[in-house]
Amino acid sequence: MADSKALTTREQDFSAWYNEVIARAELADYSPVRGCMVIRPNGYAIWEHMQRALDRMFKDTGHQNAYFPLFIPQSFLSREAEHVEGFAPETAVVTHGGGKELEEPLVVRPTSETIIYAMYAKWIQSYRDLPLLINQWANVVRWEMRTRLFLRTTEFLWQEGHTAHATEADAEEETLRMLGVYRTFMEEWMAMPVLTGRKTDSERFAGALRTYSCEALMQDNRALQAGTSHNLGQNFARAFEVTFQTEEGSLDFVWNTSWGVSTRLVGALIMTHSDDKGLVCPPRLAQWQVVIVPIYRTDSERATVLEAAERIRRELVAADIRVHLDARDGMKPGAKYYEWEARGVPLRLEVGPRDVAAGTVMLARRTGGGKDSLPMTGLAPRLAAEMDAMQRSLLDAALARREAASVRGASKEQFIEIMEGAGGFVYGGFCGSAACEAEIKERTKATIRVLPDAEFRSPVAPTHCLWCNGPSVSEAVWAKAY
RNA sequence: CGGGGUGUGGCGCAGUCCGGUAGCGCGCCUGCUUUGGGAGCAGGAGGUCCCGGGUUCGAAUCCCGGCGCCCCGACCA
Numbered sequence: 046m047a048d049s050k051a052l053t054t055r056e057q058d059f060s061a062w063y064n065e066v067i068a069r070a071e072l073a074d075y076s077p078v079r080g081c082m083v084i085r086p087n088g089y090a091i092w093e094h095m096q097r098a099l100d101r102m103f104k105d106t107g108h109q110n111a112y113f114p115l116f117i118p119q120s121f122l123s124r125e126a127e128h129v130e131g132f133a134p135e136t137a138v139v140t141h142g143g144g145k146e147l148e149e150p151l152v153v154r155p156t157s158e159t160i161i162y163a164m165y166a167k168w169i170q171s172y173r174d175l176p177l178l179i180n181q182w183a184n185v186v187r188w189e190m191r192t193r194l195f196l197r198t199t200e201f202l203w204q205e206g207h208t209a210h211a212t213e214a215d216a217e218e219e220t221l222r223m224l225g226v227y228r229t230f231m232e233e234w235m236a237m238p239v240l241t242g243r244k245t246d247s248e249r250f251a252g253a254l255r256t257y258s259c260e261a262l263m264q265d266n267r268a269l270q271a272g273t274s275h276n277l278g279q280n281f282a283r284a285f286e287v288t289f290q291t292e293e294g295s296l297d298f299v300w301n302t303s304w305g306v307s308t309r310l311v312g313a314l315i316m317t318h319s320d321d322k323g324l325v326c327p328p329r330l331a332q333w334q335v336v337i338v339p340i341y342r343t344d345s346e347r348a349t350v351l352e353a354a355e356r357i358r359r360e361l362v363a364a365d366i367r368v369h370l371d372a373r374d375g376m377k378p379g380a381k382y383y384e385w386e387a388r389g390v391p392l393r394l395e396v397g398p399r400d401v402a403a404g405t406v407m408l409a410r411r412t413g414g415g416k417d418s419l420p421m422t423g424l425a426p427r428l429a430a431e432m433d434a435m436q437r438s439l440l441d442a443a444l445a446r447r448e449a450a451s452v453r454g455a456s457k458e459q460f461i462e463i464m465e466g467a468g469g470f471v472y473g474g475f476c477g478s479a480a481c482e483a484e485i486k487e488r489t490k491a492t493i494r495v496l497p498d499a500e501f502r503s504p505v506a507p508t509h510c511l512w513c514n515g516p517s518v519s520e521a522v523w524a525k526a527y
């Protein structure tokens, strides 16, 4: 690396720190195309592990994968009024193909509701065809003004689930089920606690009836929308004439849902756990869960140590632990330690002549504690237990951070002070007025992240709007967001 | 699109004011010595100085016109 050795600290400049963590860990790089990043192998590996876990969860809840076109006829977008209004300004449009101007321009998908529901109209005839539960892993393009690595890029990778149901209740159940899947994934795999709940109308997906969201709090106390699940009602079904014959023989429009998470999650992961030494990656999503660093002076030491290291590596591989033996010559162990720490490898094993002689290895944890000498035998179960503990403690620590940055029952003045200062989640009553919501945003840059689900609400429901002091219709959580 | 900054080997920068052989650090290559927390020495490779005009005997440097990128805002997964 060409960088000076220490990273900018989170304290000094969170945004610079974030970019440096990514550069140092070689997660992503800027590409020649404005706003588009290259996801490098180290970053893509994390995304692949996320994909694998999510895909399993989607399949376990009855979904199948399919693939729909990258291009969408421009007219499709306009069929749903709110949808076109929401997305048209940020589309990339193809006007020429094969050297000729196209009869109808093609939009590069910013999301695939329109083309998918156009197909669903062909596929669905009867209530017997429902529910239709499909997911697609794809890339989408949104022409954003300002981009940031992983958090907001012009092109990004995501999954979008699109389902059709016979009743409103079925669609609502699906919407909430997938929100729950996201939450489980974020907590159990990313070790990232989230608040779940409903979005206000002003934050609702363009064309949806209701939008639900998982909201996480980053280490700089700004909120990040980590995943959304939409109950689309019959809006798209009407626009694309997705009808079905009911059991009673009448014709009805289907009820749709859509839900998605993106490579933004990699950014969320970075900003949730990493420290001033670099990336911290929860074991379950780490490319390498364990790295072995051999230590030697002479050729004969090198031979013995590498032999022992290789034996350990094979044993761990056999136990399904993702392990890498860093046998690079001409690099001092200390240099390797710093490099693997910056890359977020959870556990490091140091194997030197003294260890080999004693039948031990030195274990160093990326977070939560120093080094321990362990016997070489029985290493696999021991490391698996270490990783479980680390996975748990990362979630606990993130949860503790979030709760420390959450305030309930703040006055208007305290609210303003918090948003101008430390930031974080502020819980309070909300009158339900879009005007009030807009005024708060105008004044403090804070938005309602979510109208929280029951388990996140305060023990005593607020009675008055935090801002206008009118009667509260719902508790809300505000924060400044990414 | 508004504000700020910046374009010089792979990366980070100096040089620009005041025109005169293109430099430094890191990285990279080779060799030797090193290796339990970021190695040392020696040798070496690598540059249309963002682009296009202009001024000049001579431009990284001065003038004119473009473009890119980064950061901060308004918009967003």
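Residue numbers for the first sequence follow my numbering, beginning at 46 and rising by one. Ideal placement from N, C-alpha and C gives every residue a C-beta, glycine not left out.
Residues of its chain near residue i, where Cβ-Cβ distance is below 6 Å and the 5 sequence neighbours each way are ignored
i           : result
residue 46  : Only weak support exists for where residue 46 lies, its pLDDT of 34 falling under 50; the value from the coordinates is given anyway. Result list for residue 46: empty, nothing under 6 Å.
residue 400 : 406
residue 63  : none
residue 244 : 256 and 258
residue 390 : 333 and 336
residue 285 : 162, 163 and 166
residue 495 : 240, 242, 258, 260 and 522
residue 187 : 135 and 155
residue 364 : 425
Assigned secondary structure, residue i (DSSP; H/G/I helix, E/B strand, else coil)
i           : result
residue 347 : helix
residue 275 : strand
residue 292 : coil
residue 286 : coil
residue 205 : strand
residue 472 : strand
residue 333 : coil
residue 487 : helix
residue 270 : strand
residue 200 : strand
residue 134 : helix
residue 498 : coil
residue 48  : Unreliable positioning characterises residue 48 in this predicted model, as indicated by a pLDDT of 42, which lies under 50. The coordinate reading is nonetheless provided below. Residue 48: coil per DSSP, three-state reduction.
residue 449 : helix
residue 428 : helix
residue 229 : helix
Per DSSP, the bridge partner or partners of residue i
i           : result
residue 145 : 142
residue 118 : 151
residue 326 : Paired residue(s): none; residue 326 is not in a bridge.
residue 509 : 516
residue 407 : 395 and 418
residue 258 : 242 and 273
residue 192 : Answer is none; residue 192 lacks a bridge partner.
Close beta carbons around residue i, own chain, < 7 Å, minus the five adjacent residues each side
i           : result
residue 340 : 350, 378, 395, 396 and 397
residue 329 : 234 and 436
residue 85  : 71, 72, 73 and 74
residue 266 : 450, 467, 468 and 469
residue 115 : 153 and 154
Pair within 7 Å by beta-carbon distance, residue i and residue j
i           : j           : result
residue 308 : residue 276 : no
residue 473 : residue 511 : yes
residue 155 : residue 185 : yes
residue 8   : residue 66  : Because the chain here runs from 46 to 527, residue 8 falls outside it and cannot be looked at.
residue 130 : residue 280 : no
residue 292 : residue 172 : yes
residue 157 : residue 218 : no
residue 322 : residue 232 : no
residue 102 : residue 239 : no
residue 461 : residue 492 : no
residue 53  : residue 117 : no
residue 90  : residue 181 : no
residue 247 : residue 479 : yes
Spatial neighbours of residue i in its chain, beta-carbon cut-off 8 Å, leaving aside the 5 residues before and after
i           : result
residue 361 : 335, 368, 424, 425 and 428
residue 446 : 262 and 264
residue 373 : 381
residue 438 : 412 and 413
residue 296 : 288, 289 and 290
residue 141 : 147
residue 304 : 205, 206, 220, 223, 224, 227, 272, 273, 274 and 275
residue 48  : Legend: pLDDT at residue 48 = 42, less than 50; position of this residue unreliable, value from coordinates given subsequently. The residues are 65, 68 and 69.
residue 198 : 80, 81, 82, 189, 192 and 308
Assumed close pair residue i, residue j - CB separation to whole angstroms, cut-off 8 Å
i           : j           : result
residue 261 : residue 317 : 7 Å
residue 209 : residue 287 : 6 Å
residue 271 : residue 327 : Wrong, their Cβ atoms sit about 14 Å apart, outside the cutoff.
residue 183 : residue 203 : 7 Å
residue 409 : residue 393 : 4 Å
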